[in-house]
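Sequential numbering from 52 applies to the sequence shown in this note's numbering. Here the structure is laid out as structure tokens; the discussion comes afterwards.
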Amino acid sequence: MLGLEEAQEQLIALAPSMGGEDVPIEASLGRVLASDLAANRTQPSADLSAMDGYAIAGEGPWALIGESRAGAPFDGAIAPGQATRISTGAHMPPGSDRVLIQENAEVEAGIVSSGDVPLRMRHVRKRGFDFNEGDAVMRAGTRIGAAQMALAMSAGHANVSAVRWPKVAILDSGDELVRNPGQCGPNQIPASNGAMIAAMLAPLVGSTDRLGPVRDDLGELAAALEHAEGADILITSGGASVGDHDLIQRALIDWGADLAFWKVAIKPGKPLMVARRGEQVVLGLPGNPVSSFVTCFLFGLPLIRAALGMPFPLPTTQTVTAAEPIPVTGTRREFLRGFSDGSKVRQVASQDSSALLALAGANCLIDRPAGSPAVAVGDSVSVYNLQNG
């Protein structure tokens with residue numbers, strides 16, 4: 052069996068390349084830049100006032116000769132001993148060299164004075180202090196949030212080249228699964244894994260194609276796989292283990308997929324499977340819902356990030372202290388569901404791989420390497436923040 056890092060490395064190496072497409076900047080939220088973005092303009096485009104007050108030249112007092120407002124600059128220049136009224140964000144008149152803020156100014160009969168004269172260029176935003184035309188303002192692989200969107204627009208871009216959304220198909224299998232939770236018989240369970248995986252991936256893929264649930268039947272699995280022909284990535288849930296009715300691996304091989312690796316030394320999630328079919332990547336997750344969630348977090352999300360060209364696709368840990376004892380770890384690396392307040396962590400009530408109530412109450416995974424000794428209260432442990440998935 053592969054260890055976690057080796058398995059993640061092999062999977063990320065298989066990530067397909069998506070290419071780029073032009074998108075309007077106001078429709079780019081959540082997208083990833085396909086190429087470096089250079090500024091088409093200088094920001095700010097002129098020296099600006101950082102405060103409300105008076106643009107002044109020299110040491111004063113100053114004769115008030117006009118006003119400069121944002122969007123309506125003073126028409127002319129000022130000489131030493133002169134001032135203009137100025138608002139935040141307005142152009143500094145040529146000849147002015149500092150801003151006297153409103154609360155420090157005294158104005159009488161058109162003369163501005165102050166007992167607290169600012170230093171030269173005080174309260175002035177210099178032209179180009181943020182960026183200049185031609186500067187690289189964002190690198191390829193940057194994910195666009197609200198601040199990045201504003202930056203691109205300020206840099207003069209109405210459109211950006213974004214990585215194409217990966218086409219992701221999700222197939223969950225099992226005779227016991229039903230799509231409609233409200234029509235679940237006594238021998239059935241709702242097919243929650245497909246919806247859960249789709250929800251986890253949604254911020255990175257836009258949408259997914261749900262192909263299940265599919266019964267444990269090679270013919271029905273083959274028919275479902277035909278609908279995944281155009282997917283860049285196929286994620287399956289269930290049927291990846293070694294039971295008589297675990298048919299996903301056989302169905303994938305019949306479909307033309309080549310197995311890259313199977314089984315990872317982690318708990319939960321041991322029967323994880325990765326395959327390749329041409330340029331398509333197949334990630335087979337276990338069917339137990341907690342196992343499916345944990346392996347999607349550790350493998351599914353990193354695979355999508357790598358396909359998008361994000362520079363750091365793997366989740367990162369933070370160190371907190373244990374609020375309760377944690378027992379020794381067995382021969383596999385364990386990911387315990389926990390709840391952390393940012394400084395301390397405790398395990399949630401149940402660590403069973405089917406316990407969705409406990410999973411929904413967790414906000415982190417406690418990373419316990421194989422063969423780890425028991426943890427005492429106050430000892431340091433590493434956790435993955437599930438809210439940052």
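From the three backbone atoms N, C-alpha and C, an ideal C-beta is built for every residue, glycine too.
Output needed for GLY307: all residues of its chain with C-beta closer than 7 Å, excluding positions within five of it in sequence on either side, in chain order. ARG328
Pairing CB atoms from the segment 218-227 with CB atoms from the segment 114-126, are three or more of them under 8 Å? no
With 16 as the cutoff for other CB atoms within 10 Å, does VAL256 come out buried or exposed? buried
Whole runs of the beta strand (DSSP E) within the segment 233-304, excluding any shorter than 3 residues: 259-261, 284-288
Determine the burial state of GLN61: buried for a count of at least 16 other Cβ atoms within 10 Å of its Cβ, exposed for fewer. exposed
Residues bridged to TRP113 by DSSP? VAL163
Measuring CB to CB, does PRO337 end up less than 8 Å from PRO322? yes
Using a Cβ distance threshold of 8 Å, determine whether the segment 368-376 contacts the segment 385-404, with at least three qualifying pairs required. yes
In the DSSP assignment, the beta strand (DSSP E) including ILE63 goes from what residue to what residue? Segment 55-64 is the alpha helix (DSSP H) holding ILE63; no beta strand (DSSP E) there.
Would LEU303 and ALA326 be called neighbours here (beta carbons separated by less than 8 Å)? yes
Pick from GLY360, HIS278, ALA108, GLU56 that is closest to ILE195, judged by C-alpha positions: GLY360
Contact between the segment 99-115 and the segment 133-143 is defined here as three or more beta-carbon pairs at a separation below 8 Å; is this criterion met? yes
May I ask you to report which of helix, strand or coil DSSP gives ILE129? coil
Output yes or no for whether 8 Å exceeds the beta carbon distance between VAL332 and ILE299. no
Helix, strand or coil for ILE355, going by three-state DSSP, please let me know. helix
With three or more beta-carbon pairs closer than 8 Å as the criterion, would you say the segment 305-320 touches the segment 337-347? yes
Counted within 10 angstroms of its Cβ, other Cβ atoms place PHE462 as buried (16 or more) or exposed: Given that the chain is displayed from residue 52 to residue 440, the structure contains no residue 462 and the question cannot be resolved.
Opposing strand residues paired with PRO420 [DSSP bridges]: Its beta-bridge partners do not exist; DSSP assigns none.
Opening and closing residue of the alpha helix (DSSP H) in which ALA203 lies: 197-205
Can you tell me whether DSSP reads THR346 as helix, strand or coil? helix
Output yes or no for whether 8 Å exceeds the beta carbon distance between GLN133 and ALA114. yes
Go through its chain and collect everything with a Cβ distance to ASN414's Cβ below 8 Å, but skip five positions before and after it. GLY389, PHE390, SER391, ASN436, LEU437, GLN438
Going by DSSP, name the residue or residues bridged to PHE182. GLN94
Can the beta-carbon of ALA97 be found less than 8 Å from the beta-carbon of ARG171? no
Length of the line joining the Cα atoms of PRO424 and ALA357: 34 Å
According to DSSP, which residues form a beta bridge with MET324? TRP313, GLY335
Proximity test, Cβ basis, 8 Å: PRO241 and chain D: In the displayed structure, chain D is absent; only one protein chain is listed.
Can you tell me where the beta strand (DSSP E) holding LEU151 begins and where it ends? 149-152
If the criterion is Cβ atoms closer than 8 Å, does the pair SER212 and ALA106 meet it? no
Pairwise C-alpha distance: ASP305 and GLU277: 11 Å
According to DSSP, residues forming a beta bridge with ASN436: CYS415
Taking the straight line between their C-alpha atoms, what separation do you get for ARG176 and ASN183? 13 Å
Quick one, which of GLY422, ALA409, LYS314, PRO362 has its alpha-carbon nearest LEU55's? LYS314
When burial is assigned at 16 or more other CB atoms within 10 Å of the CB, is ALA66 buried or exposed? buried
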